[in-house]
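K.L.:
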Amino acid sequence: MATPGKIHDVVVTGPSGVLGPATISELLTAGFNVTAVTRDPERARPLLPSDIRIVKGDYSSVETLTPALSKTDKPFDAMVCLLDRQQTEAQMVVTAATVAAGIPHIIPSCFGLGERHLNDFRHFPPISAKRKVLDDIRNKADQGIITHTTIHAGAILDWALDRGIFVNLEPGQPTRLLDGGNVPTSATLTKDIAKAIAAALLKKQETVNKTLQINTAVITSQQLLSYARQAVPDREFPTINMDTAQAEKGAWDMYEAGQRDVTVDMRFLARANTLAARMDPIDNELLGIRMMSEDEIKDEILSRINKRSP
Numbered sequence: 384m385a386t387p388g389k390i391h392d393v394v395v396t397g398p399s400g401v402l403g404p405a406t407i408s409e410l411l412t413a414g415f416n417v418t419a420v421t422r423d424p425e426r427a428r429p430l431l432p433s434d435i436r437i438v439k440g441d442y443s444s445v446e447t448l449t450p451a452l453s454k455t456d457k458p459f460d461a462m463v464c465l466l467d468r469q470q471t472e473a474q475m476v477v478t479a480a481t482v483a484a485g486i487p488h489i490i491p492s493c494f495g496l497g498e499r500h501l502n503d504f505r506h507f508p509p510i511s512a513k514r515k516v517l518d519d520i521r522n523k524a525d526q527g528i529i530t531h532t533t534i535h536a537g538a539i540l541d542w543a544l545d546r547g548i549f550v551n552l553e554p555g556q557p558t559r560l561l562d563g564g565n566v567p568t569s570a571t572l573t574k575d576i577a578k579a580i581a582a583a584l585l586k587k588q589e590t591v592n593k594t595l596q597i598n599t600a601v602i603t604s605q606q607l608l609s610y611a612r613q614a615v616p617d618r619e620f621p622t623i624n625m626d627t628a629q630a631e632k633g634a635w636d637m638y639e640a641g642q643r644d645v646t647v648d649m650r651f652l653a654r655a656n657t658l659a660a661r662m663d664p665i666d667n668e669l670l671g672i673r674m675m676s677e678d679e680i681k682d683e684i685l686s687r688i689n690k691r692s693p
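Going by the numbering used here, 624 is the number at position 241 of the sequence shown; the sequence numbering is gapless.
1) Between the alpha carbons of residue 626 and residue 538, how many angstroms are there, rounded?
2) In the DSSP assignment, what residue or residues form a beta bridge with residue 419?
3) Determine the closest residue to residue 472 out of 519, 650, 575 and 576, with distance taken between C-alpha atoms.
4) Which residue comes first and which comes last in the alpha helix (DSSP H) that contains residue 594?
5) List, from N- to C-terminal side, the alpha helix (DSSP H) runs of 4 residues or more that fit wholly inside the stretch 461–537.
6) What's the C-alpha gap between residue 360 and residue 678?
7) Of all the options 612, 681 and 396, which has the alpha carbon lying nearest to the alpha carbon of residue 489?
8) Report the rounded CA-to-CA distance for residue 604 versus residue 423, giving the unit in angstroms.
9) Between the alpha carbons of residue 517 and residue 470, how many angstroms are there, rounded?
10) So what's residue 640 in DSSP terms, helix, strand or just coil?
11) Buried or exposed for residue 328, please, with buried defined as at least 16 other CB atoms from any protein chain shown within 10 angstroms of its CB.
12) What's the C-alpha gap between residue 670 and residue 628?
13) Would you call the stretch 645–655 and the stretch 569–584 in contact, with 3 or more CB pairs under 8 angstroms?
14) Taking three-plus beta-carbon pairs below 8 angstroms as touching, is the stretch 456–463 in contact with the stretch 423–443?
15) If you follow the alpha helix (DSSP H) that residue 570 is in, where does it begin and where does it stop?
16) Could you give the first and the last residue of the continuous alpha helix (DSSP H) run that contains residue 647?
17) In this structure, how does DSSP classify residue 601 when only helix, strand and coil are distinguished?
18) Can you tell me whether residue 539 is helix, strand or coil according to DSSP?
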């Protein structure tokens with residue numbers, strides 16, 4: 384049966400993804416012993432701090448992954464799963480292997496959604512897949528098999544800005560506005576998601592078996608466009624509008640025709656993110672996360688404009 388003991392040794396799966404390097408750095412800063420499990424240690428090594436142990440892991444089954452999650456002296460105290468949202472089956476394997484290895488606590492990979500997404504849009508295929516992972520963990524927690532802390536952080540702000548989501552800062556490239564671009568959206572910097580993960584482990588007694596929501600900014604595309612236009616008043620920032628109701632209809636048509644890819648997922652998520660974009664309530668204070676100032680958000684825009692200037 385899972386117990387709420389103090390956490391010292393942490394194992395991280397998916398360490399070379401978007402959140403991996405920042406999260407591992409924060410865990411080390413917080414004083415945890417960290418082991419990273421990855422399919423490709425050679426690829427992961429240059430991305431990660433030199434003072435952590437990296438282990439090769441096979442995510443294809445519980446039997447193949449469990450040895451990588453097992454220690455000879457005692458089990459790890461906690462698992463942090465950072466596999467991306469498209470790796471649903473691998474995440475299910477991680478949960479089962481975590482239990483098999485005797486690891487009592489898990490932080491699952493569900494950072495880019497909010498609880499409203501998971502409840503109101505659980506019938507959307509990409510969200511249904513994520514709900515499957517969380518339902519499995521929560522059912523195990525209800526049975527006393529494992530404990531969890533789930534952290535929702537909305538959009539990963541810096542990652543999204545680097546990819547032209549919310550506002551496209553590439554010269555001449557249009558910004559896609561979801562239903563006009565005025566929907567307030569919760570977003571969090573990568574470094575703040577990493578801080579929240581470390582804080583949740585440090586405060587396990589206060590966060591055990593809880594679902595927490597954080598954001599460091601509440602933004603709209605139109606707001607970010609206005610900052611970009613203020614920064615470069617002589618540049619055109621074209622826009623195109625996406626009707627998310629029509630996007631959802633098209634997504635269902637493609638899905639029912641057998642299409643299974645990121646194009647379909649993004650149409651579903653565009654609709655969900657418009658109707659459930661702002662998270663509430665927010666647990667920033669518990670996890671030591673502060674909101675960005677307007678000037679800090681503007682700096683995120685300006686720094687990316689400067690990088691793209693000829």
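Don't be surprised by glycine CBs; every beta carbon is placed ideally from N, CA and C.
P.N.:
Reading off the structure:
1) Working through the sequence shown from its first residue, we reach residue 626 at position 243. Working through the sequence shown from its first residue, we reach residue 538 at position 155. Each residue's alpha carbon lies about 20 angstroms from the other.
2) On the sequence shown, residue 419 is found 36 positions in, with the first residue counted as 1. Per DSSP, the beta-bridge partners of residue 419 are 395 and 437.
3) The sequence position of residue 472 within the sequence shown is 89, counting from 1. Comparing Cα-Cα distances from residue 472 to each of 519, 650, 575 and 576, the minimum goes to 519.
4) Residue 594 sits at position 211 when you count from the first residue of the sequence shown. That residue, residue 594, is in no alpha helix (DSSP H); its beta strand (DSSP E) goes 593–596.
5) Those alpha helix (DSSP H) runs which fall completely within the stretch 461–537 and span 4+ residues are 471–483, 498–503 and 508–525.
6) Only positions 384 to 693 of the chain appear in the structure, and residue 360 is not among them; the question remains open.
7) Taking the first residue of the sequence shown as 1, we reach residue 489 at position 106. Checking every option, the nearest Cα to that of residue 489 belongs to 396.
8) Residue mapping note: residue 604 aligns to position 221 of the sequence shown, counting from 1. Residue mapping note: residue 423 aligns to position 40 of the sequence shown, counting from 1. In this structure, the alpha-carbon of residue 604 lies about 37 angstroms from that of residue 423.
9) For the purposes of this step, residue 517 is taken as residue 134 along the sequence shown, with counting starting at 1. For the purposes of this step, residue 470 is taken as residue 87 along the sequence shown, with counting starting at 1. Spanning the two alpha carbons is a distance of roughly 13 angstroms.
10) The count along the sequence shown starts at 1 and reaches residue 640 at position 257. In the three-state reduction of the DSSP assignment, residue 640 falls in the coil class, being assigned neither a helical nor a strand state.
11) Any answer about residue 328 is impossible in this case: the structure gives the chain only from 384 up to 693.
12) In the sequence shown, residue 670 corresponds to position 287, counting from 1. In the sequence shown, residue 628 corresponds to position 245, counting from 1. Whole-angstrom Cα-Cα distance: 35 angstroms.
13) Contact check between the stretch 645–655 and the stretch 569–584: fewer than three CB pairs, one atom from each, fall below 8 angstroms, which does not count as touching.
14) Contact between the stretch 456–463 and the stretch 423–443 is absent, because fewer than three Cβ pairs lie under 8 angstroms.
15) Residue 570 sits at position 187 when you count from the first residue of the sequence shown. Premise fails: residue 570 lies in the beta strand (DSSP E), 568–571, not in any alpha helix (DSSP H).
16) For the purposes of this step, residue 647 is taken as residue 264 along the sequence shown, with counting starting at 1. For residue 647, the enclosing alpha helix (DSSP H) covers residues 645–658.
17) Taking the sequence shown and counting its residues from 1, one reaches residue 601 at position 218. Three-state DSSP puts residue 601 in a strand.
18) Along the sequence shown, read from residue 1 onward, the residue named residue 539 stands at position 156. It is a strand residue.
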